[in-house]
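J.: In our numbering, the protein residues as written are 1 to 331. Just so it is clear, CB atoms sit at the ideal spot from N, CA and C, and this is done for glycine as well. The following block contains the structure, expressed as structure tokens.
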Amino acid sequence: MLVLGIETSCDETAAAVVEDGVRIRSTIVASQAELHQRYGGVVPELASRRHVERLLPVVGLAVEQAGVAWSDLNGIAVTRGPGLVGALAVGMAAAKTLAFVRGLPVVGVNHLEGHLFANAIDHGPLPAPSLALIVSGAHTDLVHIEGPHTYTILGRTRDDAAGEAFDKVARAMGLGYPGGPALDLLGQGGDSTLAPLPVPFAGRGYDFSFSGIKTAALRVLAAHPNPDQTFLAGLAASLQRVVAEALVRKVARAAREYNPAAILLAGGVAANSVLRRRLAHEAETLGVPVQIPPPALCTDNAAMIAACGTTRLAGGATDPWDLTVSADLAL
Ligand code: KG4
Ligand code: ZN
């Protein structure tokens, strides 16, 4: 089964063709990072306009690089939320129009569930029951996967998402937007004990909180008006160490409570080298298999959307033509 995926929830214009939900035939991600860089964050109206300009060429390229004809495709999967409403609407309008013109079924995909399905590529169905940590620029959710498309959110961030905290500190350090990847690189040579940052703790439940640690890191930075490279690398490494520690401690506690078949990592921040290492180490200690997608499948892409949509299309599902987008769609 060949499915075209379309993803436009934020600032990546992406399309991909995935076979049987597991093999990537093509994946194109046109990043808008340079467009939003000067504003230090995504400007929603500019993001929508850029999607309008780029989406059809990106889709055309994905189909061409997959080496398939439109008549070979079995359906279209499109992100319907959560995300920026204008940006989502561009992808949804394109997906429905293409599906109507080509006589294909269309299904809407939850972006967060899409992130989880980055783990299904090359591996097949998501293991269940399992635990998943979804960490992105907008979300930090600890999820219990009970079965196909059945999820319970055990905890979430009460304030900033982990990626948001990274991006805000990185921006103050002059690392541009989005700052997470630059912070990761910078911290690799740094002393992770340099800044006296506490491991953020949001109580004994499974919720997280990263706004306090963000403020603490910004204070450390402000106290050093002329920081040298050693200091900046140390601050980057220290921040990543405590954020990863806060995330992994709760995952470990949930693993002891729920006995999952596997622990899954997903979302843009899953590309972070410190978090990947720390979680893999913890899972090994717990004796639980861990699934972490390759970095390019952690950040927003359309292959994960196609993989997720395939599970519904393969069961004969299709969404109605009045399918809408939703900025705050829940998992
Ligand atoms: O999933 P994603 O691409 O978009 C959302 O759905 O939000 O996640 C983007 C977030 C940004 O905050 C970005 O800085 C962060 O993921 N990110 C990273 C890394 N790569 C992306 N954070 C830390 N280290 C990385 N290597
Ligand atoms: Zn995302």
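#1: For Gly309, does the three-state DSSP call read helix, strand or coil?
#2: Taking a contact to mean a Cβ-Cβ separation below 8 angstroms, would you say Ile305 touches Val109 in this structure?
#3: I want to check one thing, is the minimum distance from the CB of His281 to the heavy atoms of the ligand ZN below 7 angstroms?
#4: Measure the Cβ-Cβ separation of Asn74 and Leu331 and say whether it is below 8 angstroms.
#5: Could you tell me if the beta carbon of Ser136 falls within a distance shorter than 7 angstroms of some heavy atom in the ligand ZN?
#6: What did DSSP end up calling Leu247 once you bin it into helix, strand or coil?
#7: For Ala30, which of Cys10, Tyr39 and Arg277 has the nearest alpha-carbon?
#8: Identify the residues that DSSP records as bridge partners of Tyr151: which are they?
#9: Could you compute how far the alpha carbon of Pro320 sits from the alpha carbon of Val220?
#10: Please return the same chain residues whose Cβ sits closer than 6 angstroms to the Cβ of Arg278, not counting the five positions on each side in sequence.
#11: I believe Thr311 touches Gly21 by the beta-carbon criterion, under 8 angstroms. Please report the beta-carbon distance rounded to the nearest angstrom.
#12: Across the segment 187 to 201 and the segment 166 to 177, are there enough close Cβ pairs to call them in contact, namely three or more that are closer than 8 angstroms?
#13: Any idea which residues DSSP pairs Ser26 with across the strands?
#14: For the pair the segment 226 to 241 and the segment 254 to 266, tell me if three or more CB-CB distances fall below 8 angstroms.
#15: Quick check on DSSP: helix, strand or coil for Ile292?
#16: Can you name, in chain order, every residue of its own chain whose Cβ lies under 8 angstroms from the Cβ of Arg253, other than the five neighbours on each side?
#17: Looking at Pro105 and the ligand KG4, is the gap between the Cβ and the nearest heavy atom below 7 angstroms?
#18: Using the Cα positions of Gly86 and Ala302, report the straight-line distance between them to the nearest angstrom.
T.: The relevant details are as follows:
#1: helix
#2: yes
#3: no
#4: no
#5: Residue side-chain check: Ser136 places its Cβ nearer than 7 angstroms to a non-hydrogen atom of the ligand ZN.
#6: helix
#7: Cys10
#8: Ile145
#9: In a straight line, the C-alpha of Pro320 is about 53 angstroms away from that of Val220.
#10: Ala244 and Val248
#11: 6 angstroms
#12: No, the segment 187 to 201 does not touch the segment 166 to 177.
#13: Note: Ser26 is bridge-paired with Val17 in the DSSP secondary-structure output.
#14: no
#15: coil
#16: Tyr206
#17: no
#18: 18 angstroms
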